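Student: Sequences listed follow chains A and B, in order.
As numbered in my numbering, residues -11 to 247 make up the first sequence, in order.
As numbered in my numbering, residues 774 to 1519 make up the second sequence, in order.
Note that the Cβ used here is the ideal one computed from N, Cα and C, for glycine as well.
In this text the structure is predicted, and so the values were computed from the model without any measurement.
Mind looking over this structure? Questions follow.
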Amino acid sequence: MKLKLVIFICLLATTVLAATQSGEQIMTEEESRYNAPTEKFTITMSLIKGLDIEQGAKRVIVMDMWLENKDGLQSSMIKITSPANLKGLGVLTVQSTATQTDQWLYLPDLGRSRKIASSKKSDKFMGSDITFGDFEPEVLERWNYSDTEQDNLETEAIYRIVAELRNPAEAKNYGYTSRVITLEKETFFVKQIEYFDLEHVKSKVQLNLEVVMIDKYWRANKVIVKNLLARHITVLEFTNRQINPDLPEDFFSKRYLEK
Amino acid sequence: MEKFFDLVAQHKKKVIAFCLILSIVLGFGMSRLEIRSILEGELPDDDFIIKTNNQFKEVFGDKSYIVFAFENQNKVMNTDSLAKLKSFSHDLRSFPGIDKEKILSLATFTQVEDSQDGLIIEPLLESVPATKLQIAEFTKMLKSNELVWERLISVDLTTVLVTAPIDKTVSEIEVYQAAVDLANKYQDPEELHYYSFQIIDQAIDQGINADLGLLFPLAIIIIAVLLYFCFSNLRAVILPLLVMIMAVVSTMGVMGWLSFKVSTVTSIIPVLIIALGSSYSIHLLERYFSVEKHLKTKALSLVARPIILAGMTSAIGFSTLVVFEIISLREFGIFSALGIIFTIFYNLLFCPAMLALLPQKKYYNGSMFLFGLSELTDYFLQKISKIIQKPRLVLLIAITLLIISIVGASQLQVGSNPTKFFPKDHQIRLTSELFNEKFGGTGVIEVMFETDETILHPETLQQVWQFQQFCENLEAVGNTNSVVNILRYMHKSLNKTETVPHTDRLIEQYLMLYSMDSSVDLDTFLDHSRQRLKVTIWMDIDDSQVIEQTYQQMRDYLEMVLPSTINFKFGGENMEWIAQNNYIVTGKIINIVASIIIIFLICTVVFRSLRLGLIAIVPLVFSTMLIFGMMGFLGIRLDLASCILTGVTVGVGVDFAIHYLSRFIEHEESYKFLCALEKTNLEAGKPILYDVYSNVLGFSVLMFSSFTPIRDFGVLIVFSMITCSLATLLFLPILCEKFFIRGEEE
């Protein structure tokens, strides 16, 4: 009986502690749990016209993607495998500092890669409703995080965090000013993100679905992004996911991009 | 009929209450009335072009655009103006209903440049040029960019365009007010012009409201003055006005209850009811007041028949407009006919009941038409009597006028566009002219190319590009736009070659690269299956006949050049105008023939004479020909408003013939032939001219309309009333003398 009481008190204390964590603490925890050192997966991306997944005209692009997180900086490589006309098209993104990201594009039929001098986080990822910035890890120091003031949150199994840019001038680069992030309390996994554009209008909703644990990382095998303003949907289906695959030392380089 | 009016007099209070309640109940429908948007179009849903346009919308999205022109007479290529443009493009993001990610201007246009620093994919005006040298370089760069030059900036460098898709559901008031606010903020030294369907709708709204606020009261005042001149008594003024207001309220209320919308054409109906209703009231009151108390019911029953006959023929004349496939014209036909029926209904029910209720006095002293109008009428009739004694001269003049009219009619132009509804100095018209002069224009024809395989094949795209080049050499075409323009631009930027990319793969890769920028919406050019693409052709001439010829040239070119594996379809707003023109022409011909035949049949039945039926339609045909001639000479187009003219002319003009021939038959039985004719001229001439006075005065208020076609309609209807009445008074005696055979009417 005594033991049960102790366990109960401990559980209660953990819950209270979790409930009283600040937004920043929650997001720090989320980041620490999410980012694997390296990762590889295949994305089947469906671009859908309109807001009806079943009825809208669909265009499908399949690509392989590799990610590396090192010292809080991320590099990524994307290579399209289908359709045939786009096969080999690649994008390499290398974050050299917290504020500096370099991006190269490889168009196979032009035969060489070109550095994109003007890359922005708001650039559309392969013409979809996702931006390159959406794939990057959270740079915690750029955002102010606060809990939403909903009364029932403590009783729910989720956190709802409002993330606002500390420097509003950066909003143009990101393409939005704030996000409302919904995380599972238990896993700190991001279930949903609502994006608010430069005029603070809700512009996009991202739903992370079909969550699985691979190694110690929670991953969504399906992501649906609804662009409410453009009335488009992008569905990403992840397969062949590998956590910490072996990648050559110079994998995130122009040489591999053009390979 | 006498029994009917006896009953009305017996139950006068009930009849009055019934009429008032009926008009109030129906009148509540007016609160449901809305103004028809130009987006709703005028063609029926099953029309081929409407179906094609709906298919285009399904494939490429149903978008409507707002366009702003930023004009600086001292050229916009200066730091201040460009900074303003950038700030304006940013402010536009907060504009109601705007698709903020798709705002297109120099400030947002995505340039793709392969520079020494790498690939630049960023807005053209990322940083505003500050020095003269930077401005010169920026200008040079704009000139070399075929997606921008003459599309986003004018050749004379005085005007830049900003366009953006706008949500169709945002109200016109909201859009208009936001545009005005932006214009106020950015005006001086620049001038801001704006154009969208909501802006046009708002201007039409304002015009219709101004018309209803001005023309309707003005018509009431004019008719009130006329009635006072007729009867010099307030009661004889108020009663007919009440009848007409009840008829207007009931008609417009029925429109509201049945969820019909008011268009520029149907906005004429209240004035039409006032103009025509007044003549029925004048006839009714004139007869009523001119007899002693015990003969009043008899007088009402005598006058009711011609009123019903004249009203029904007018209503039938108007209702022949339903032969048109154009929605506004059909609605005008139906509701103007209904308005006339309500006018007759209240004239024969409410008016006699009120007269029975009010204390009986002798209001009319026999001196109808004060201030010499009666004398003037007599003078006219005497002159006419003299003229008809020279039938050959009348015939000669008539033939000469007909020949002149045929010459004029041969120059008649068909069709118009919504911007031409506004007077020349109206903001909408000026903006449209600015776009036509300095950019591609405001009208659009779209062509969808379709293949079973991918459309993004270099050879196919080359053929599309050659078609675009062909179009741009046509006089009416401002410029053209398609995915080929983007691909050529990309190829030029990345490969220094200004051609269509040479492989399928490169084409797809360029498009992928281009779509990485957030402001690009390839869906408006290309469908997801890559089997269809759309070429947008901007027309800088808004003459719909020229547009139709241009369309034929484009169609002939494609039929000659394209292989059978590539299908094409034409759509777009201007194609609706072309279809509308065809409907106007075919509808007009059917309408004229149908209305003349119907009137001929009615007159033949009423007068029981084939010859009199034929004679009755002669003034109508003559007057119609004269109107077409006048329209041709004055450059008044056969458009939505002028189209209803024949319906109205025939509907109203036949009243004159009915008045004349009824009296003629009446007298022909009792007098010798020539004596009967002379008596008819004098007796029928007066009411005919009284009708003309009231109609002319009533309709003349239309000349003060906010819309050019309605003003033209006002001029033409006044002209047609005069010509039709004169033709009746001049031709009918001569024709009766020549062709009428006594006792033939069986």
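Following the continuous alpha helix (DSSP H) through residue 1199 of chain B, name the residue where it begins and the one where it ends.
Tutor: No alpha helix (DSSP H) holds residue 1199 of chain B; DSSP gives it neither H nor E.
Student: Over the uninterrupted alpha helix (DSSP H) stretch that includes residue 1028 of chain B, give me the two end residues.
Tutor: That run of the alpha helix (DSSP H) goes 1008 to 1030.
Student: Whose C-alpha, out of B:990, B:1098, B:1125, B:890, is nearest the C-alpha of residue 1058 of chain B?
Tutor: Answer by Cα proximity: B:1125.
Student: If you reduce the DSSP assignment to three classes, tell me which class residue 234 of chain A lands in.
Tutor: DSSP places residue 234 of chain A in coil when its eight states are reduced to three.
Student: If you reduce the DSSP assignment to three classes, tell me which class residue 1414 of chain B lands in.
Tutor: Correct three-state label for residue 1414 of chain B: coil.
Student: Measure from the alpha carbon of residue 1257 of chain B to the alpha carbon of each residue in B:1196, B:896, B:1309, then state which is nearest.
Tutor: Minimum Cα distance to residue 1257 of chain B is reached at B:1309.
Student: Which residues does DSSP pair with residue 922 of chain B in a beta bridge?
Tutor: DSSP, once it has assigned bridges, lists B:926 as partnering residue 922 of chain B.
Student: If contacts are defined as beta-carbon pairs under 8 Å, then residue 1174 of chain B and residue 1399 of chain B qualify, I think. What distance do you get, rounded to the angstrom?
Tutor: Confirmed, about 6 Å.
Student: At the 9 Å Cβ level, is residue 1286 of chain B part of the contact set with chain A, yes or no?
Tutor: Chain A contact via Cβ: present.
Student: So which of B:1051, B:1419, B:1342 has the shortest CA-CA distance to residue 1357 of chain B?
Tutor: Per the Cα distances, B:1419.
Student: Please return the same chain residues whose Cβ sits closer than 7 Å to the Cβ of residue 231 of chain A, not counting the five positions on each side in sequence.
Tutor: Hits under 7 Å: 24, 27, 202, 203, 205.
Student: Spell out whether any CB of chain C is found under 9 Å from the CB atom of residue 1268 of chain B.
Tutor: Protein chains A and B are contained in the structure displayed, whereas chain C is not.
Student: Which class does residue 1091 of chain B belong to by DSSP, given the choice of helix, strand or coil?
Tutor: Three-state result, residue 1091 of chain B: helix.
Student: Have a look at B:1311, B:1205, B:866 and flag the residue whose alpha-carbon is nearest the alpha-carbon of residue 970 of chain B.
Tutor: Nearest of B:1311, B:1205, B:866 to residue 970 of chain B, Cα basis: B:1205.
Student: Evaluate residue 1195 of chain B with the Cβ neighbour count: other Cβ atoms within 10 Å of its Cβ, from every protein chain shown; 16 or more gives buried, anything less gives exposed.
Tutor: The residue is buried, with at least 16 neighbouring Cβ atoms inside 10 Å.
Student: Assuming residue 894 of chain B contacts residue 1289 of chain B under a Cβ cut-off of 8 Å, what Cβ separation, rounded to an integer in Å, is found between them?
Tutor: With a Cβ gap of about 7 Å, residue 894 of chain B and residue 1289 of chain B count as contacting.
Student: Distance check for residue 923 of chain B and residue 1214 of chain B, CA to CA, integer angstroms please.
Tutor: Distance between the alpha carbons of residue 1214 of chain B and residue 923 of chain B is about 11 Å.
Student: Tell me which residue opens and which closes the beta strand (DSSP E) that residue 891 of chain B is part of.
Tutor: Here the beta strand (DSSP E) through residue 891 of chain B covers 891 to 896.
Student: Between the Cα of residue 858 of chain B and the Cα atoms of B:1012, B:1022, B:1471, B:841, which residue gives the shortest distance?
Tutor: That would be B:841, whose Cα lies nearest to the Cα of residue 858 of chain B.
Student: In chain A, what lies closer than 7 Å to residue 891 of chain B by C-beta?
Tutor: Result: 102, 103, 104, 105.
Student: Residues of chain A with CB under 7 Å from residue 866 of chain B, in chain order?
Tutor: Result: 186, 187.
Student: Under 7 Å Cβ to Cβ from residue 1281 of chain B, same chain only, skipping five residues before and after it: list those, please.
Tutor: Within the same chain, residue 1281 of chain B has close Cβ partners 1229.
Student: Using DSSP's beta-bridge definition, name the partner residues of residue 148 of chain A.
Tutor: Looking at the DSSP assignment, residue 148 of chain A forms a beta bridge with A:170.
Student: Is residue 37 of chain A close to chain B, meaning its C-beta is less than 9 Å from at least one C-beta of that chain?
Tutor: For residue 37 of chain A, the answer is yes, since a Cβ of chain B falls inside 9 Å of its Cβ.
Student: So what does residue 1305 of chain B bridge to, in DSSP terms?
Tutor: According to DSSP, which records beta bridges pairwise, residue 1305 of chain B is partnered with B:1223.
Student: Between which two residues does the alpha helix (DSSP H) harbouring residue 863 of chain B extend?
Tutor: Residue 863 of chain B -> alpha helix (DSSP H) spans 852 to 864.
Student: Taking the alpha-carbon positions, what's the residue 856 of chain B to residue 132 of chain A distance?
Tutor: Taking the straight line joining both Cα atoms gives about 32 Å.
Student: Which residues in the same chain have their Cβ closer than 8 Å to the Cβ of residue 146 of chain A, if we skip the five residues on either side of it in sequence?
Tutor: Answer for residue 146 of chain A: 170, 171, 172, 173, 179, listed in chain order.
Student: Quick one: does residue 1228 of chain B have its CB under 9 Å from some CB of chain A?
Tutor: False, the Cβ-Cβ gap to chain A never drops below 9 Å.
Student: Using a threshold of 9 Å, state whether the C-beta atoms of residue 1038 of chain B and residue 1061 of chain B are closer than that.
Tutor: Their beta carbons are not under 9 Å apart, which means residue 1038 of chain B does not touch residue 1061 of chain B by this criterion.
Student: Residue 1488 of chain B to residue 1477 of chain B, Cα distance in whole Å?
Tutor: Residue 1488 of chain B and residue 1477 of chain B: Cα-Cα distance of roughly 10 Å.
Student: Quick test of the definition: if touching needs 3 or more C-beta pairs under 8 Å, does the segment 1359 to 1377 of chain B touch the segment 1389 to 1399 of chain B?
Tutor: With a cut-off of 8 Å, the segment 1389 to 1399 of chain B and the segment 1359 to 1377 of chain B count as touching, because enough Cβ pairs lie within range.
Student: Can you pull the chain A neighbours of residue 1261 of chain B, defined as C-beta to C-beta under 7 Å?
Tutor: In chain order: nothing, as chain A lies at least about 15 Å away.
Student: Count the CB pairs spanning the segment 15 to 23 of chain A and the segment 32 to 40 of chain A that are closer than 8 Å, and state whether there are at least three.
Tutor: No contact exists between the segment 15 to 23 of chain A and the segment 32 to 40 of chain A.
Student: Would you report the Cα separation of residue 1234 of chain B and residue 1273 of chain B, rounded to the nearest angstrom?
Tutor: The straight-line gap from Cα to Cα measures roughly 7 Å.
Student: If residue 1347 of chain B and residue 1320 of chain B are in contact, beta carbons under 8 Å, what's the gap, nearest whole angstrom?
Tutor: 5 Å between Cβ atoms; contact.
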